[in-house]
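Reviewing the structure listed below.
Number of protein chains: 4
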Amino acid sequence: MTHNSLKNKKPEKYHNIQEAAVRVFARRGFYQARVSEIAREAGVADGTIYLYFENKDDILISLFEDGMKKVIDNVRAEIDKETDPLKKIQRFARAHLALVENNKDMAEIIQVELRQSSKFMKEYRNEKFLEYLDIIAGIVREGQALGLIREDVEPGIVKRAFFGALDEMSRFWVLSTRRKYNIQTAADQISEFFIRGIRAGSGVPAGGRN
Amino acid sequence: MTHNSLKNKKPEKYHNIQEAAVRVFARRGFYQARVSEIAREAGVADGTIYLYFENKDDILISLFEDGMKKVIDNVRAEIDKETDPLKKIQRFARAHLALVENNKDMAEIIQVELRQSSKFMKEYRNEKFLEYLDIIAGIVREGQALGLIREDVEPGIVKRAFFGALDEMSRFWVLSTRRKYNIQTAADQISEFFIRGIRAGSGVPAGGRN
Amino acid sequence: MTHNSLKNKKPEKYHNIQEAAVRVFARRGFYQARVSEIAREAGVADGTIYLYFENKDDILISLFEDGMKKVIDNVRAEIDKETDPLKKIQRFARAHLALVENNKDMAEIIQVELRQSSKFMKEYRNEKFLEYLDIIAGIVREGQALGLIREDVEPGIVKRAFFGALDEMSRFWVLSTRRKYNIQTAADQISEFFIRGIRAGSGVPAGGRN
Amino acid sequence: MTHNSLKNKKPEKYHNIQEAAVRVFARRGFYQARVSEIAREAGVADGTIYLYFENKDDILISLFEDGMKKVIDNVRAEIDKETDPLKKIQRFARAHLALVENNKDMAEIIQVELRQSSKFMKEYRNEKFLEYLDIIAGIVREGQALGLIREDVEPGIVKRAFFGALDEMSRFWVLSTRRKYNIQTAADQISEFFIRGIRAGSGVPAGGRN
DNA sequence: TATGAATGAGAATTCATTCAT
DNA sequence: CATGAATGAATTCTCATTCAT
Numbered sequence: 397m398t399h400n401s402l403k404n405k406k407p408e409k410y411h412n413i414q415e416a417a418v419r420v421f422a423r424r425g426f427y428q429a430r431v432s433e434i435a436r437e438a439g440v441a442d443g444t445i446y447l448y449f450e451n452k453d454d455i456l457i458s459l460f461e462d463g464m465k466k467v468i469d470n471v472r473a474e475i476d477k478e479t480d481p482l483k484k485i486q487r488f489a490r491a492h493l494a495l496v497e498n499n500k501d502m503a504e505i506i507q508v509e510l511r512q513s514s515k516f517m518k519e520y521r522n523e524k525f526l527e528y529l530d531i532i533a534g535i536v537r538e539g540q541a542l543g544l545i546r547e548d549v550e551p552g553i554v555k556r557a558f559f560g561a562l563d564e565m566s567r568f569w570v571l572s573t574r575r576k577y578n579i580q581t582a583a584d585q586i587s588e589f590f591i592r593g594i595r596a597g598s599g600v601p602a603g604g605r606n
Numbered sequence: 397m398t399h400n401s402l403k404n405k406k407p408e409k410y411h412n413i414q415e416a417a418v419r420v421f422a423r424r425g426f427y428q429a430r431v432s433e434i435a436r437e438a439g440v441a442d443g444t445i446y447l448y449f450e451n452k453d454d455i456l457i458s459l460f461e462d463g464m465k466k467v468i469d470n471v472r473a474e475i476d477k478e479t480d481p482l483k484k485i486q487r488f489a490r491a492h493l494a495l496v497e498n499n500k501d502m503a504e505i506i507q508v509e510l511r512q513s514s515k516f517m518k519e520y521r522n523e524k525f526l527e528y529l530d531i532i533a534g535i536v537r538e539g540q541a542l543g544l545i546r547e548d549v550e551p552g553i554v555k556r557a558f559f560g561a562l563d564e565m566s567r568f569w570v571l572s573t574r575r576k577y578n579i580q581t582a583a584d585q586i587s588e589f590f591i592r593g594i595r596a597g598s599g600v601p602a603g604g605r606n
Numbered sequence: 397m398t399h400n401s402l403k404n405k406k407p408e409k410y411h412n413i414q415e416a417a418v419r420v421f422a423r424r425g426f427y428q429a430r431v432s433e434i435a436r437e438a439g440v441a442d443g444t445i446y447l448y449f450e451n452k453d454d455i456l457i458s459l460f461e462d463g464m465k466k467v468i469d470n471v472r473a474e475i476d477k478e479t480d481p482l483k484k485i486q487r488f489a490r491a492h493l494a495l496v497e498n499n500k501d502m503a504e505i506i507q508v509e510l511r512q513s514s515k516f517m518k519e520y521r522n523e524k525f526l527e528y529l530d531i532i533a534g535i536v537r538e539g540q541a542l543g544l545i546r547e548d549v550e551p552g553i554v555k556r557a558f559f560g561a562l563d564e565m566s567r568f569w570v571l572s573t574r575r576k577y578n579i580q581t582a583a584d585q586i587s588e589f590f591i592r593g594i595r596a597g598s599g600v601p602a603g604g605r606n
Numbered sequence: 397m398t399h400n401s402l403k404n405k406k407p408e409k410y411h412n413i414q415e416a417a418v419r420v421f422a423r424r425g426f427y428q429a430r431v432s433e434i435a436r437e438a439g440v441a442d443g444t445i446y447l448y449f450e451n452k453d454d455i456l457i458s459l460f461e462d463g464m465k466k467v468i469d470n471v472r473a474e475i476d477k478e479t480d481p482l483k484k485i486q487r488f489a490r491a492h493l494a495l496v497e498n499n500k501d502m503a504e505i506i507q508v509e510l511r512q513s514s515k516f517m518k519e520y521r522n523e524k525f526l527e528y529l530d531i532i533a534g535i536v537r538e539g540q541a542l543g544l545i546r547e548d549v550e551p552g553i554v555k556r557a558f559f560g561a562l563d564e565m566s567r568f569w570v571l572s573t574r575r576k577y578n579i580q581t582a583a584d585q586i587s588e589f590f591i592r593g594i595r596a597g598s599g600v601p602a603g604g605r606n
């Protein structure tokens, strides 16, 4: 199911609804969110929602797709400023967490709501998310080609581990009220763990020989 | 455990219902799961559910609490077999992912359902989860005390980053049908990234001089 | 449907249950009352109730029948102390309201719950209640036979009007928390209205000649 | 009226539902009445009920309030046609019972359902009912001021006794299938009892010298 | 007799979606 | 395009009653 293509409707209203939905989903959660509440918050009638979106699911999916598109573009632009793959990893972490910081509600929805249930993670092929992860895998392969990252490092594992580390950190940051760490500090620490963890030529293997 | 102290009720039925709920929640997701489906699957009447649980939410919470208790006990027992904090990290990763491997449905519920924003992660003080994360922080502090882990490493960041990495990996593993990596391989790679990433005395800092 | 005839059961428990039911019905109302609450209050198991009563309705009906029997016996004994029919009317009022005063919960149930709904007032032929009303009609006829009460007074109307007057007064008395009138004062006023209202030889008719 | 201010909704539907509810409540009793049955009888969907009323209770309360308003207006208009307080009493009785005669279902609901203890008579401050009773008290005071009614008569007792008498009579009339007395005959008898009972200067006191 | 765990029919209410205006 | 009243399917939870112990 793909979202409504704005045929000849005012794109302004489409975005109003999306923005209202972001707030309502973040506040209540997807299943507790009421379409009528989104409508009220967007300043339109309930029925109007259905001129722009197929149904409630479609609103969430549109949010995710449009949101991920921005994230991907933004993060790609950031890492392209760097040539060193190891430094790209740091850039990625910073860009990711900066986006979370500046789009708390949106971040919460992507993290929490979209991965929430079978409904979305199973039935909906999450192309955009995979594309995002593959940016990381790409950096790793690039580093390996340049001999900067160990050959035995699996890009498919790094991409998930690194994303998971950032994502858990941002969940914490998003959900907690009083924040202990600056989110950029966290970005730097996490990227440093991974850079040290995967770069080539740092002597003995980690786990010993058990 | 839940409100109902199982006075003279058979604890067997309590567990039957939990096990049925695990299957149904894993299959449909919490919000799509029907209490009557859990009842049917548990081989009891709908009303019987309410002799053992306050309501549908309570079933999920009991699943989480009882499940996390087992995870914590199990993981604690595993890492206690090791004295070297760095090796404990590897043990943790292996134990965590082995549990996921052996309790797929349960793992999916803990990961996916309990993350459901408002209702559970906001209103529900997730003590058990925090206790689990603090096992990791404890290992890190231990390693720092022994001079094995760098002093500038924040245990509060490592615990979330490490858990997030494992968790994302297991989400992938749980949700994907055909599996590329052995989950134990993933455990070893991820723990190696972190061990190399945080251990003391491995030369130049990670990020270079930016 | 008639209530369970105590075959070979302990009558003590039967009364315990009735007394508990009186309290619970008075507190919650019949439909809001829970059988399990009556059981708890009576100090028996839920199932035990059904050894003494057919069902929940049967408890209410038994309360009414047993209660009315006492009321009728008591009121009959009172009016038999008097020979003058007009004075019997006053005795009736006093006895009725004294019973209400001393059995508030029971009075509330008879007034409020039993006449409450179709269920009881339509399906259940209320013999006891009619018997009670007919005590009044009997006094009126006696008074008419003695020439003390006007011949044009309809006993069937007086019995209902008089009972209704007392009953409304006692409803007020039962439901109000702070009481303005002594209930015996009310008994005397009301009986006086009716005695003056129906006795023979008091000159011009009431309503004028419209 | 109820919470829902009928903004753009058709008030016609509000009344359809009320009328359907009157029939269903009269037929089944409040607790046995099904919302879906009211909906069917009103020719609307179940959910539509909830656009006009908060819940099932609210329907009953609206019925009572709207019904009592009509009764009060109607009875006030009737007694205002008379100047003699004693004749007003007769007018009141006639108007009251005429309303019962012409609105059997509604009368039954007001009498039987609203008397339902806890929920309505205790928690719900029954202003309208008290207002109605005070019409009677007002007439009595007026009669006392003119010397037509004895000074020792308590208006607060008369109002309840007189209402109770009429109400019990109409309960009988509403619930019985074959009717012995014309309801207007009853109105005249009852008002005559009370007029004779309370008017000034009719010789010896009622109760004799007990 | 007494128990109380188990039953399962039953009902109020919600809310995504539609469609006449 | 926009509205929002109307729809009605769908679901949790309750509680009188039963019956194995």
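Taken in sequence, the protein lines are chains A, B, C and D.
Residues 397 to 606, numbered by the numbering used here, are exactly what the first sequence covers, in order.
Residues 397 to 606, numbered by the numbering used here, are exactly what the second sequence covers, in order.
Residues 397 to 606, numbered by the numbering used here, are exactly what the third sequence covers, in order.
Residues 397 to 606, numbered by the numbering used here, are exactly what the fourth sequence covers, in order.
Ideal Cβ positions, reconstructed from N, Cα and C, are used throughout, including at glycine.
In this text, all values refer to a predicted model and were calculated from it rather than measured experimentally.
Residue i versus residue j - alpha carbon distance
i: I434 (chain B); j: V570 (chain B); result: 22 Å
i: I553 (chain B); j: R436 (chain A); result: 40 Å
i: K403 (chain A); j: S458 (chain A); result: Residue confidence is low: K403 (chain A) scores 49 on pLDDT, short of 50, so the model does not pin down where it sits. Its coordinate-derived value is still stated next. If you take the alpha carbons of K403 (chain A) and S458 (chain A), they lie about 15 Å apart.
i: A583 (chain A); j: T444 (chain D); result: 53 Å
i: G463 (chain C); j: V418 (chain D); result: 32 Å
i: E471 (chain D); j: S587 (chain D); result: According to the sequence as given, residue 471 (chain D) is Val; it is not Glu. One C-alpha to the other measures close to 15 Å.
i: V683 (chain A); j: Y410 (chain A); result: Because chain A is modelled from 397 through 606, residue 683 (chain A) falls outside the range shown and cannot be assessed.
i: G351 (chain D); j: I591 (chain D); result: Lying before the first or after the last residue shown, residue 351 (chain D) is absent from chain D, which here runs from 397 to 606.
i: A429 (chain B); j: N412 (chain B); result: 16 Å
i: E639 (chain C); j: V549 (chain C); result: This structure gives no information on residue 639 (chain C), because the portion of chain C shown stretches from 397 to 606.
i: A503 (chain C); j: A494 (chain C); result: 11 Å
i: I535 (chain B); j: F449 (chain A); result: 49 Å
Where residue i meets chain C, residues with beta-carbon distance less than 8 Å
i: A533 (chain D); result: Here the premise fails: no neighbours, minimum Cβ distance about 12 Å.
Amino acids of chain A, ordered along the chain, whose beta-carbon sits closer than 7 Å to that of residue i
i: R556 (chain B); result: E564, M565 and F568
i: F559 (chain B); result: E564
Bounding residues of the alpha helix (DSSP H) (the contiguous stretch that carries residue i)
i: D476 (chain A); result: Neither: D476 (chain A) is in no alpha helix (DSSP H) and is coded neither H nor E.
i: L447 (chain B); result: D442 to Y448
i: G560 (chain A); result: P551 to L571
i: I434 (chain D); result: V431 to A438
i: K524 (chain B); result: E523 to A541
i: A494 (chain A); result: P481 to N498
Chain A contact for residue i (CB, 8 Å cutoff)
i: E588 (chain B); result: yes
i: Q414 (chain B); result: no
With 16 other Cβ atoms within 10 Å as the buried cut-off, status of residue i
i: L526 (chain B); result: exposed
i: S432 (chain B); result: exposed
i: E564 (chain A); result: buried
i: Q486 (chain B); result: buried
i: K477 (chain C); result: exposed
i: L456 (chain C); result: buried
i: K576 (chain C); result: exposed
i: K483 (chain A); result: buried
i: N451 (chain D); result: exposed
i: P407 (chain C); result: exposed
i: Q414 (chain C); result: buried
i: A491 (chain A); result: buried
CB contact check: residue i to chain B, cutoff 8 Å
i: A417 (chain A); result: no
Listed by chain order, chain C residues near residue i by CB distance under 9 Å
i: I505 (chain D); result: Under the 9 Å cutoff, chain C gives no residues; its nearest Cβ is about 10 Å from I505 (chain D).
Closer than 8 Å at the beta carbon, the chain A residues around residue i
i: G552 (chain B); result: K576 and Y577
7 Å Cβ cut-off: residues of chain D touching residue i
i: A582 (chain C); result: I553
CB contact below 8 Å: residue i versus chain C
i: Q540 (chain D); result: no
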